[in-house]
DNA sequence: AAGATATCGTTGCAAACGCAACGAGGTCAA
DNA sequence: TTGACCTCGTTGCGTTTGCAACGATATCTT
């Protein structure tokens, strides 16, 4: 009989860890600001990108394009994001943060960063851990 | 303006990694054997535990009890799991793998383990990585 | 021993999900 | 320039999800 402990199985451990971190982070962007994961990622990416299309967020933020589309619609309804037509290619949307959106993101980011710091702070070799994560993320794409 | 790159943000990286590993693993238990994540976890835990209740799987395998309940129902319909009443406490269910279930798990496990080995093989310091994961998983519970 | 409380597994339901299909617009070749 | 093909963002739809509520059983309290 093959020896196998689910709780020592790496893919399982990482999925569990991911869920825990998500729940922890959600206490910030969801409980305090009423944002979903999709919305938070859209805002975060726009903060960095300045301006971009739905497709770019889909690719850069690991979100189904339908999730991006609906998240953007909700964010626009809350006046956190501005949606405009691209002048050159009319298929594209030009998304950007509104002033209120920028303000909101600036309010959330420090908290997100401190959450990250708190997590990393528990590790002996935080550097090595981050390198490992990056290594795994860069495989096969 | 706060500096923030979503793709360098640890919680995000781990969620993305978790999804990738899940998809990779699913090529084994889902594509080849038609199992869902919930079903796979139930089988894996039963393989190790021998016999247990819905609640125990709920706690040990990080699954909502409704997911366990439904997964068990499907597995029983496929004759992979046996569901019996507990003699002492009639609220409890006694779950166990059927012979066919055992056989199936024995077939899958080596593939799961080799998938894990493949992932760990890409890391310089696999030991350190696993230690870090365990550290993070043991916080606050 | 009886009533209040807690726990077990199941079920109902609203919301979220992923995927496929769509219309609108762009690109490329002949 | 016209037709085939590709890409963009949105929408529809069946499935899955998490949560709350439920009936049944156990336990605790007095």
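Chains as they are written, first to last, in the numbering used here: chain S, 79 to 219; chain X, 79 to 219. The C-beta atom is built at its ideal place from N, Cα and C for all residues, glycine as well.
- Contact between residue 159 of chain X and residue 179 of chain X is confirmed by a C-beta separation of about 5 Å, below the 8 Å threshold.
- The beta-carbon of residue 83 of chain S is placed less than 9 Å from the nearest beta-carbon of chain X.
- Interface with chain S (9 Å Cβ-Cβ cutoff): residue 108 of chain X is excluded.
- For residue 139 of chain S, the three-state secondary structure derived from DSSP is coil.
- The beta-carbon of residue 192 of chain X is placed no less than 9 Å from the nearest beta-carbon of chain S.
- For residue 161 of chain S, the enclosing beta strand (DSSP E) stretches over residues 159-163.
- If you draw a straight line from the Cα of residue 81 of chain S to the Cα of residue 175 of chain X, it is about 16 Å long.
- Under DSSP, residue 172 of chain S shares a beta bridge with S:162.
- At least 9 Å separates the beta-carbon of residue 196 of chain S from that of residue 210 of chain X.
- Among the residues of the segment 187-213 of chain X, those with a Cβ less than 9 Å away from any Cβ of chain S are 187, 188, 190, 191, 193, 194, 197, 198, 200, 201, 202, 203, 204, 206, 207, 208, 209, 210, 211, 212 and 213, in the order of the chain.
- Listed along chain S are 89 and 93, each with a C-beta nearer than 8 Å to that of residue 100 of chain X.
- Exposed is the label assigned to residue 164 of chain S, since fewer than 16 other Cβ atoms lie within 10 Å of its Cβ.
- In the structure shown, residue 213 of chain S falls within a helical segment according to DSSP collapsed to helix, strand and coil.
- Contact of residue 119 of chain S with chain X by beta-carbon distance below 9 Å involves 84 and 90.
- No Cβ-Cβ contact shorter than 9 Å links residue 135 of chain X with residue 125 of chain X.
- In the DSSP assignment, residue 87 of chain S falls outside any alpha helix (DSSP H), carrying neither H nor E.
- Under DSSP, residue 129 of chain S takes part in a beta bridge, and its partners are S:174.
- Identification of chain S residues near residue 96 of chain X by a Cβ-Cβ cut-off of 7 Å yields 92, 93 and 96, ordered along the chain.
- For residue 167 of chain S, no CB of chain X lies under 9 Å from its own CB, so it is not counted at the interface with that chain.
- Residue 103 of chain X reaches chain S at 89, counting residues in chain order whose Cβ is nearer than 8 Å.
- For residue 184 of chain S, the residues of chain X that pass the 9 Å Cβ criterion are 79 and 80, in the order they occur in the chain.
- Collapsing the DSSP output to three states places residue 111 of chain S in coil.
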